[in-house]
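Peer 1: Residue numbers (my numbering): 15 to 208.
Beta carbons are placed, not taken as given, at the ideal position from N, Cα and C, and that holds for glycine.
Just so you know, these numbers come straight off a predicted model, no measurement behind them.
Take this structure, written in structure tokens, and hold onto it; I'll ask about it next.
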């Protein structure tokens with residue numbers, strides 16, 4: 015039992031610090047040299063699209079509108095996923111079905127009622143902040159920024175959901191998440207090619 019408690023108290027904070035540390039590094043890279051990140055390149059593209067729309071270039075204006083539509087569809091999908099997962103968590107914490115009988119081994123970490131509430135509550139809090147609303151150039155940038163933050167918080171939520179199965183899946187999925195996001199954010203071939 016002591017070893018399981020040790021895993022919960024070490025691996026869960028490690029996973030949170032790993033993902034939050036990566037995003038702090040990404041933000042610092044974005045602020046210092048925007049062209050080194052995909053987020054910075056997308057922001058520069060949106061700025062030129064916005065200028066083209068103001069000048070009346072129809073072809074580039076159509077491309078900008080399609081890109082905005084695609085981002086809006088992604089944001090709506092993210093919000094829908096967040097709502098569905100949050101409703102599922104609410105149903106599980108309602109005590110209509112006792113989940114602890116399904117995961118009765120010690121590898122799944124602590125199984126007390128308070129720990130389950132903490133596990134489900136932390137995932138629910140991340141989900142609540144994953145779909146913020148956003149509605150000129152400043153507002154568009156805020157909308158894209160909020161959509162990006164919502165998508166990232168949703169991605170961080172999934173390792174927290176795995177906490178139900180123990181601290182080891184959380185640590186492994188957090189490391190895989192940071193690796194995958196790094197490949198998306200700092201893909202050197204994509205950045206240099208653009």
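Between which two residues does the alpha helix (DSSP H) carrying residue 188 extend?
Peer 2: It spans 181-199 - the alpha helix (DSSP H) in which residue 188 sits, taken as one unbroken run.
Peer 1: Using the Cα positions of residue 27 and residue 35, report the straight-line distance between them to the nearest angstrom.
Peer 2: Their backbone Cα atoms lie some 12 Å apart in a straight line.
Peer 1: Taking C-alpha atoms, which residue in 66, 37 and 135 lies nearest to residue 53?
Peer 2: It is 37.
Peer 1: For residue 66 versus residue 74, is the C-beta distance shorter than 7 Å?
Peer 2: Yes; because the gap between Cβ atoms is below 7 Å, this pair is in contact.
Peer 1: For residue 100, count the other beta carbons within 10 Å of its own beta carbon; 16 or more makes it buried, fewer makes it exposed. Which is it?
Peer 2: Burial call: buried.
Peer 1: For residue 192, which residues of its own chain have a beta-carbon under 7 Å away from its beta-carbon, when the five flanking residues on both sides are left out?
Peer 2: Correct list, in chain order: 32, 33 and 36.
Peer 1: Using 10 angstroms around the beta-carbon of residue 90, count the other beta-carbons present and answer buried if the total reaches 16, otherwise exposed.
Peer 2: Flag for residue 90 reads exposed.
Peer 1: How about residue 171 and residue 137: are their beta carbons less than 7 Å apart?
Peer 2: Yes, these two residues count as a Cβ contact at 7 Å.
Peer 1: At the level of alpha carbons, what is the spacing between residue 59 and residue 48?
Peer 2: Each residue's alpha carbon lies about 12 Å from the other.
Peer 1: Can you name, in chain order, every residue of its own chain whose Cβ lies under 7 Å from the Cβ of residue 158, other than the five neighbours on each side?
Peer 2: The answer, listed in chain order, is 60 and 85.
Peer 1: Between which residues of its own chain and residue 169 is the CB-CB distance below 8 Å, once the five residues before and five after are set aside?
Peer 2: 191 and 195.
Peer 1: To the nearest angstrom, how far is the alpha carbon of residue 184 from that of residue 76?
Peer 2: Their backbone Cα atoms lie some 42 Å apart in a straight line.
Peer 1: DSSP three-state label for residue 51, please.
Peer 2: Reduced to three states, the DSSP call for residue 51 is coil.
Peer 1: For residue 41, is the classification buried or exposed, using 16 other Cβ atoms within 10 angstroms of its Cβ as the cut-off for buried?
Peer 2: Exposed, by the Cβ-count rule.
Peer 1: For residue 139 and residue 72, I'd like the C-alpha separation in whole angstroms.
Peer 2: Cα to Cα, residue 139 sits roughly 42 Å from residue 72.
Peer 1: For chain D, find out if any of its Cβ atoms is closer than 7 Å to the Cβ of residue 28; answer yes or no.
Peer 2: Within the model displayed, chain D is absent; a lone protein chain is all it includes.
Peer 1: Could you give the DSSP three-state label for residue 75: helix, strand or coil?
Peer 2: Reduced to three states, the DSSP call for residue 75 is helix.
Peer 1: Do residue 176 and residue 187 come within 7 Å of each other at the CB atom, strictly closer than that value?
Peer 2: Going by C-beta atoms, residue 187 is nearer than 7 Å to residue 176.
Peer 1: Rounded to whole angstroms, how far is the Cβ of residue 200 from the Cβ of residue 51, which I believe are closer than 8 Å?
Peer 2: The pair is a contact, with the Cβ atoms about 6 Å apart (cut-off 8 Å).
Peer 1: For residue 45, count neighbouring Cβ atoms within 10 angstroms of its own Cβ and tell me buried if that reaches 16, exposed if not.
Peer 2: That one is exposed.
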